[in-house]
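Numbering (this note's numbering), first residue to last: 1 to 193.
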């Protein structure tokens, strides 16, 4: 009887230690990924630009579902890469960062170009008419697809940064921390709307 009680206490101690390790690493991972989260939040705000007010939440919900699917793909993929080709994590982070830089430069250039070429009222009216004739559901689908694609890159960055923090941890801890951060990030970013 004493041996069974001792085994139970040992098991509970092991569980408490595991949970403590997970919380410490999760806190560190959340701190390190905060910069990328800012990009994710700005993406969230931009994805509803040009969408009718009554359709904003369905668009955000569509992107949130896509974001969860991205995480379901990325977390196991990151664990496999970490297990079999760990040297590839840094180049993948660099590629993701380069893509995000490209998108940022593209937006800046587009903004500068728009400032340089002022629309006259006739051009503006023509552009607005073309937008009005466009199928609103197709416009929403394009917005959602673009946002999910960008979210995939941002999510990959978050998962890779988190993986770098928990790389030396046991596999169970890695799985729990990566999954936890992925879920919290998605709920945090898309739940703020």
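Ideal placement from N, C-alpha and C gives every residue a C-beta, glycine not left out.
- [ ] Could you pull the start and end residues of the alpha helix (DSSP H) that residue 151 belongs to?
- [x] Taking the first residue of the chain shown as 1, we reach residue 151 at position 151. 136-166 is the span of the alpha helix (DSSP H), which, as asked, contains residue 151.
Open item on the list: By the three-class DSSP mapping on this structure, what secondary structure does residue 187 have?
Closed with: On the chain shown, position 187 is the one that residue 187 refers to. Here residue 187 sits in helix by DSSP.
Task: Exposure of residue 143, with buried meaning 16 or more beta-carbon neighbours within 10 Å - done: Here residue 143 refers to the residue found at position 143 of the chain shown. So residue 143 ends up on the buried side.
TODO: Would you tell me roughly how many angstroms separate the C-alpha atoms of residue 83 and residue 153, rounded to the nearest one?
DONE: Taking the chain shown and counting its residues from 1, the one referred to as residue 83 is at position 83. Taking the chain shown and counting its residues from 1, the one referred to as residue 153 is at position 153. If I take the Cα positions, the gap works out to 21 Å.
TODO: Decide yes or no for the touch test of the segment 134-143 against the segment 55-74: beta carbon pairs closer than 8 Å, at least 3 of them.
DONE: yes
Open item on the list: Please identify the residue among 124, 175, 158, 165 whose C-alpha is closest to the C-alpha of residue 96.
Closed with: Here residue 96 refers to the residue found at position 96 of the chain shown. Closest option to residue 96, Cα to Cα, is 158.
- [ ] Count the CB pairs spanning the segment 182-189 and the segment 59-75 that are closer than 8 Å, and state whether there are at least three.
- [x] yes
Open item on the list: Going residue by residue through the segment 98-127, where are the continuous beta strand (DSSP E) segments of at least 3 residues, counting only ones entirely within it?
Closed with: none
Open item on the list: Just verifying my parser: in three-state terms, what is the DSSP assignment at residue 87?
Closed with: The sequence position of residue 87 within the chain shown is 87, counting from 1. Three-state DSSP puts residue 87 in a helix.
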